[in-house]
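A.B. asks: Counting in my numbering, the sequence shown runs from 2 upward without gaps.
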Amino acid sequence: MIRQTKQIVIGTLAALTTVVASISSAQAVTYVSLFSDARIFSGTNWIWWNPNIVNAFIPAGGRLVKVTFSAESACYGASGWCTARVVYRQVGSATINEFQPAVGTDFAFDSSDSNNEGSGSWESHAISRSAFLPAGNYQIWVQARTTSNALTLRLDDAHLRVEYE
């Protein structure tokens with residue numbers, strides 16, 4: 002019965018455009034951000050996926066923060082690949098840092114398969130990253146871009162999970 006209740010609640014939450022939740026126990030803290038509306042990215046500049054943001058408090062002593070982002074993806078329009086990265090900044094700072102491994106555009110979140118993929122070539126993809134963050138308040142989010150101005154990246158039904166112990 003509890004499992005069914007959780008599924009109903011999660012299903013209800015997933016229907017909202019953006020949901021941010023925090024779950025805490027004696028050992029682990031988990032933040033979740035869901036986004037169910039498709040977003041199109043194009044161009045070679047990193048673009049902030051605005052509503053998909055987590056505000057996280059890291060307690061004294063700092064913590065190893067683990068992040069997983071998954072989404073339905075389509076990369077199409079030219080040869081090349083589409084990339085995503087998970088970044089953070091301490092509240093009050095303008096400095097944006099990439100979670101580790103910080104590889105920039107070397108990480109292919111999705112590929113056009115030498116321009117054989119189309120706008121309906123939807124697939125599920127994920128990225129996992131981590132970083133030790135000192136105590137403080139942080140904003141954590143996903144950025145995306147393409148390796149060519151002729152490429153398009155479509156992301157939909159995204160899930161961003163941030164956790165530490």
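Glycine included, C-beta positions come from ideal geometry on N, C-alpha and C.
Considering only the beta carbon of each residue, do Leu152 and Gly105 sit closer than 9 Å?
C.D. replies: no
A.B. asks: Among Asn53, Asn46, Tyr139 and Val33, which one has its Cα closest to the Cα of Ala39?
C.D. replies: Asn53
A.B. asks: Got a sec, what are the start and stop residues for the beta strand (DSSP E) Ser74 sits in?
C.D. replies: Arg64 to Tyr77
A.B. asks: I'd like to check one pair, Asp158 with Ala75: are the Cβ atoms closer than 9 Å?
C.D. replies: no
A.B. asks: In the DSSP assignment, find the unbroken beta strand (DSSP E) run with Asp114 in it and report its ends.
C.D. replies: For Asp114, there is no enclosing beta strand (DSSP E), as DSSP marks it with neither H nor E.
A.B. asks: Can you give the beta carbon distance from Thr84 to Ser129, rounded, assuming they're within the 8 Å contact cut?
C.D. replies: The pair is not a contact, with the Cβ atoms about 15 Å apart (cut-off 8 Å).
A.B. asks: Would Phe36 and Trp50 qualify as a contact pair, given that the criterion is a beta-carbon distance under 9 Å?
C.D. replies: yes
A.B. asks: On the DSSP letters alone, give me the boundaries of the beta strand (DSSP E) that Asp157 sits inside.
C.D. replies: Thr153 to Tyr165
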